[in-house]
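Enquirer: In the numbering used here, the protein residues as written are 93 to 390. Questions regarding the structure given below will be posed in turn.
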Amino acid sequence: MGSYMTWWQALARLGDFREHEPMAAHVTLGVGGAARWYFRPRDLHALSAALPRIPGEVAIMALGRGSNLLVADGGFDGVVIDMGSLDTLRVDGTAIHCGAGVRMSALAARCADLGLEGVEFMATVPGNIGGAVAMNAGAFGQQVSDILQSVDVVLRDGSLRTVAAEALAMGYRHSDLPPGALVVAARFGLRAGDADGIRARIRAMRNKRGGSQPLAQPNCGSVFKNPPQDHAARLIEAAGLKGHRIGGAEISAQHANFIVNHGDASSSDVLALIDLARSEVERRFGVVLEPELRVVGR
Ligand SMILES: Cc1cc2nc3c(=O)[nH]c(=O)nc-3n(C[C@H](O)[C@H](O)[C@H](O)COP(=O)(O)OP(=O)(O)OC[C@H]3O[C@@H](n4cnc5c(N)ncnc54)[C@H](O)[C@@H]3O)c2cc1C
Numbered sequence: 093m094g095s096y097m098t099w100w101q102a103l104a105r106l107g108d109f110r111e112h113e114p115m116a117a118h119v120t121l122g123v124g125g126a127a128r129w130y131f132r133p134r135d136l137h138a139l140s141a142a143l144p145r146i147p148g149e150v151a152i153m154a155l156g157r158g159s160n161l162l163v164a165d166g167g168f169d170g171v172v173i174d175m176g177s178l179d180t181l182r183v184d185g186t187a188i189h190c191g192a193g194v195r196m197s198a199l200a201a202r203c204a205d206l207g208l209e210g211v212e213f214m215a216t217v218p219g220n221i222g223g224a225v226a227m228n229a230g231a232f233g234q235q236v237s238d239i240l241q242s243v244d245v246v247l248r249d250g251s252l253r254t255v256a257a258e259a260l261a262m263g264y265r266h267s268d269l270p271p272g273a274l275v276v277a278a279r280f281g282l283r284a285g286d287a288d289g290i291r292a293r294i295r296a297m298r299n300k301r302g303g304s305q306p307l308a309q310p311n312c313g314s315v316f317k318n319p320p321q322d323h324a325a326r327l328i329e330a331a332g333l334k335g336h337r338i339g340g341a342e343i344s345a346q347h348a349n350f351i352v353n354h355g356d357a358s359s360s361d362v363l364a365l366i367d368l369a370r371s372e373v374e375r376r377f378g379v380v381l382e383p384e385l386r387v388v389g390r
């Protein structure tokens with residue numbers, strides 16, 4: 093590629109590149125401003141080639157399935173990098189090497205078919221593997237750090253590195269990725285099990301979920317982390333906010349740690365509800381709720 097090319101012309105040759113891309117279409121809550129630039133590399137090679145072309149002062153952010161993400165109405169002033177095309181999956185005995193763009197539910201289903209257990213909890217979480225690692229996603233008493241062996245990351249200079257899971261200091265909905273690192277793949281260590289038994293456990297988890305969460309409306313899963321020995325939903329409900337509405341957003345009448353979009357919500361509506369829940373819970377119970385939802389932009 094000639095050096096006369098601008099960085100965005102270079103990226104346009106390496107994948108799907110757009111300007112002023114509305115992020116509402118890329119996050120499960122269905123709200124949010126635009127990304128100044130949006131880039132979906134064709135493959136890992138294209139991603140590695142693209143990253144060093146982006147000027148150092150331009151912010152970048154990885155996008156998975158947008159199931160834990162809110163972009164403020166003023167937008168994100170940088171490049172959103174959609175990792176969805178990195179969807180390879182390799183099985184090596186009881187170890188799985190899985191691209192960042194694979195859906196968690198697809199990995200759970202594939203492992204069930206292979207009779208590999210340990211990843212069932214992913215069946216009910218709507219994110220991709222990259223987001224799952226970044227968030228240390230978990231459900232039903234299991235989390236990514238229980239099975240993660242290592243991650244492959246690409247750094248801002250385009251180089252690839254494998255990082256052992258122990259180096260990520262993973263905690264409750266937290267992992268310490270190296271600064272600027274994008275997860276491109278993860279390696280999981282699973283156990284041999286019985287395919288029918290695994291499928292039955294996944295069905296049971298799905299049934300449990302459907303009854304307790306407002307899954308028919310756009311949402312982003314749990315808005316707050318649970319404080320030690322308590323539940324954010326209990327505290328928000330006790331503060332009298334269940335069903336409370338601002339604009340088109342509502343603290344779900346079904347589950348108080350969910351915010352749902354009635355169709356015409358803005359990010360500002362959602363952020364106002366988050367502020368209200370935090371301040372009311374702190375005022376009444378002295379507990380400071382920490383958001384699980386990642387909020388970016390202006
Ligand atoms: C209905 C519903 C139920 C949910 N239930 C659960 C649950 O039970 N347990 C749970 O833990 N979560 C749950 N979530 C939240 C969400 O699904 C998880 O946090 C998931 O791991 C996010 O993955 P994602 O691909 O959507 O990430 P995104 O929302 O796209 O991104 C989340 C964060 O991860 C970063 N990120 C994404 N991909 C990469 C990458 N490749 N490299 C580096 N950083 C990256 C993003 O920059 C962002 O900061 C739920 C969400 C919904 C909507």
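Beta carbons: idealized from backbone N, C-alpha and C, even for Gly.
Counting Cβ pairs closer than 8 Å, one from the region 344-352 and one from the region 317-327, do we hit at least three?
Expert: Enough Cβ pairs lie closer than 8 Å, so yes.
Enquirer: Quick check: is any heavy atom of ligand 1 less than 7 Å from the C-beta of ASN220?
Expert: In the sequence shown, residue 220 corresponds to position 128, counting from 1. Yes, the Cβ of ASN220 comes within 7 Å of a heavy atom of ligand 1.
Enquirer: Tell me the DSSP secondary structure of PRO133 in three-state form.
Expert: The count along the sequence shown starts at 1 and reaches residue 133 at position 41. Residue state, collapsed to three classes: strand.
Enquirer: Would DSSP call GLN234 helix, strand or coil?
Expert: Along the sequence shown, read from residue 1 onward, the residue named residue 234 stands at position 142. Looking at GLN234 - three-state DSSP - the assignment turns out to be strand.
Enquirer: Taking 8 Å as the cut-off, decide whether the C-beta atoms of LEU178 and ALA142 are in contact.
Expert: Counting from one through the sequence shown, the residue named residue 178 turns up at place 86. Counting from one through the sequence shown, the residue named residue 142 turns up at place 50. No, these two residues do not count as a Cβ contact at 8 Å.
Enquirer: Compute the distance between the beta-carbons of GLY125 and ALA151, then report whether it is under 8 Å.
Expert: Walking along the sequence shown from the start, residue 125 turns up at place 33. Walking along the sequence shown from the start, residue 151 turns up at place 59. No, Cβ-Cβ distance for GLY125 and ALA151 is not below 8 Å.
Enquirer: What residue range is occupied by the uninterrupted beta strand (DSSP E) comprising SER242?
Expert: Here the question's residue 242 lines up with position 150 in the sequence shown. Residues 240-246.
Enquirer: Please list the terminal residues of the continuous alpha helix (DSSP H) segment that includes GLU342.
Expert: On the sequence shown, residue 342 is found 250 positions in, with the first residue counted as 1. Not the alpha helix (DSSP H): GLU342 falls in the beta strand (DSSP E), residues 341-343.
Enquirer: Among SER371, ASN311 and PRO320, whose alpha-carbon lies nearest the alpha-carbon of ASP356?
Expert: Stepping through the sequence shown from its first residue, residue 356 is reached at position 264. It is ASN311 whose Cα lies nearest to the Cα of ASP356.
Enquirer: Below 6 Å CB to CB, which residues in the same chain sit around ILE188 once its five sequence neighbours on both sides are set aside?
Expert: Mapped onto the sequence shown, residue 188 falls at position 96. Closer than 6 Å at the Cβ level, and outside the excluded window around ILE188, lie PHE280.
Enquirer: Report the residue ranges of all beta strand (DSSP E) runs contained in full by the region 134-221; include only those spanning at least 3 residues, in chain order.
Expert: If we require 3 residues or more, the beta strand (DSSP E) runs fully inside the region 134-221 come out as 151-155, 161-163, 168-174, 181-184 and 187-191.
Enquirer: Thinking C-alpha only, which one of MET153, ARG132, GLY210 and ALA341 is nearest GLY289?
Expert: Position 197 of the sequence shown, counting from 1, holds the residue named residue 289. Cα-wise, what sits closest to GLY289 is GLY210.
Enquirer: Could you compute how far the alpha carbon of LEU155 sits from the alpha carbon of GLY303?
Expert: Locating residue 155 in the sequence shown gives position 63, where the first residue counts as 1. Locating residue 303 in the sequence shown gives position 211, where the first residue counts as 1. LEU155 and GLY303: Cα-Cα distance of roughly 29 Å.
Enquirer: By DSSP, does GLY335 sit in helix, in strand, or in coil?
Expert: Position 243 of the sequence shown, counted from the start, is the residue given in the question as residue 335. Of the three classes helix, strand and coil, the one that applies to GLY335 here is coil, per DSSP.
Enquirer: By Cβ distance below 8 Å, which residues in the same chain neighbour GLY148 in space, the five residues on each side in sequence not counted?
Expert: Against the sequence shown, residue 148 aligns to sequence position 56. The residues are ARG248.
Enquirer: Would you mind reading off the limits of the alpha helix (DSSP H) that contains ASN299?
Expert: Along the sequence shown, read from residue 1 onward, the residue named residue 299 stands at position 207. Segment 287-304, the alpha helix (DSSP H) holding ASN299.
Enquirer: Candidates ARG295, PRO114 and VAL225: which alpha carbon is nearest ALA204's?
Expert: Taking the first residue of the sequence shown as position 1, residue 204 is located at position 112. The shortest Cα separation from ALA204 among ARG295, PRO114 and VAL225 belongs to ARG295.
Enquirer: List the endpoints of the continuous alpha helix (DSSP H) containing ASP367.
Expert: The residue labelled residue 367 in the question sits at position 275 within the sequence shown. It spans 359-377 - the alpha helix (DSSP H) in which ASP367 sits, taken as one unbroken run.
Enquirer: Report the CB separation of LEU161 from VAL183 in whole angstroms; it is logged as a contact under 8 Å.
Expert: As a first step, residue 161 must be located in the sequence shown, where it is residue number 69. As a first step, residue 183 must be located in the sequence shown, where it is residue number 91. Going by Cβ atoms, the distance from LEU161 to VAL183 rounds to 30 Å, so no, they are not a contact pair.
Enquirer: Enumerate in chain order the residues of its own chain whose CB-to-CB distance from ASP165 is below 6 Å, with the five nearest sequence positions on each side excluded.
Expert: Here residue 165 is taken as the residue at index 73 of the sequence shown, counted from 1. Counting only Cβ-Cβ distances below 6 Å, and skipping sequence neighbours, we find GLY125, SER358, SER359 and SER360.
Enquirer: Would you kindly report the start and end of the unbroken alpha helix (DSSP H) that includes ALA278?
Expert: Translated into the one-based positions of the sequence shown, residue 278 becomes position 186. Per DSSP, ALA278 belongs to no alpha helix (DSSP H); it is in the beta strand (DSSP E), 274-281.
Enquirer: Is LEU368 near ligand 1, with its Cβ less than 7 Å from a heavy atom?
Expert: Working through the sequence shown from its first residue, we reach residue 368 at position 276. No, the beta carbon of LEU368 sits no closer than 7 Å to any heavy atom of ligand 1.
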